[in-house]
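Structure first, commentary second.
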Amino acid sequence: MGNQQTARQFSAKDIAVLVKLSGKSEDEIGQWYKDFHIESDETDRMNKRQFQLYYTKLKKNPKLEQITDHIFRAFDTDHSGTIDFSEFLLAYIATSTGTKRQKFEYAFEVFDINDNDRIEKKEAEKILNIICRIVGLPEEDAKIYTETLMLSFDANQDKVLTKSEFIDGCLLDATLAKIADPFDF
């Protein structure tokens, strides 16, 4: 990959997998890794605070700091409390350029604050409040979006949203999907 630190960090197989899954070239992955390595204080793992700074810088939106705790949780797929480069790259690509389904799979993880594989109304309201603040909408709008989301997506009417209900709902309702996407401001 041209970057010796990257070559030492990843095997040829790792690089091939990252290239295939991300759709990025080896050189692009090498540059992202170099930046990630520097921003992680050369540990190649980011804690929540490092991630907040790096993510808001990448997205060029300082208001995102309000939701990065939840995005961090979604990206930390091994639940280690830190994010390595592979976790970061695959999640970032999926939420930036991936399919709608991929984005909503990660969005579900953002909304599922207590990590019980369901979105409860209070979780939806908390995330939608943050999203509305970021985009400059009043708190009352967040309450309306929460009610509408829970009523519209809850196919079995059990007052919680499963992953499939959330994803299917987002795929079917473009208006609610837009406000429920924490990665696209």
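For the sequence shown, counting from 1, position 113 maps to 113 in UniProt numbering; every step adds exactly one. No residue lacks a Cβ here, since even glycine has one placed at the ideal position from N, Cα and C. Source: prediction; values computed, not measured.
- The alpha-carbon of Phe36 is positioned some 43 angstroms away from that of Asn156.
- Within the same chain, Val160 come within 7 angstroms of Glu120 by CB-CB distance, once the 5 residues on both sides are set aside.
- Residue burial is scored here from C-beta neighbours: Ala16 has fewer than 16 other C-beta atoms within 10 angstroms and is therefore classed as exposed.
- By the CB criterion at 7 angstroms, Val110 and Ile71 fall inside the cutoff.
- The Cβ atoms of Ile130 and Ile67 sit closer than 7 angstroms to each other.
- At the C-beta level, Lys103 and Thr97 stay beyond 7 angstroms of one another.
- A Cβ-Cβ separation of about 7 angstroms places Leu64 in contact with Ile134 under the 8 angstroms criterion.
- Counting the other CB atoms within 10 Å of its CB gives Asp76 a total of 16 or more, which places it among the buried residues.
- Here Ala124 is buried, its C-beta having at least 16 other C-beta atoms within 10 Å.
- With 16 or more other Cβ atoms from the protein chains shown falling within 10 Å of its own Cβ, Thr146 counts as buried.
- The Cβ neighbour count for Ser86, taken over all protein chains shown within 10 Å, is at least 16; the residue is labelled buried.
- Your pair Thr148 and Leu172 does not check out as a contact, with CB atoms roughly 13 angstroms apart and the cut at 8 angstroms.
- Residue environment: Leu151 is assigned as exposed (fewer than 16 neighbouring CB atoms within 10 Å of its CB, all protein chains considered).
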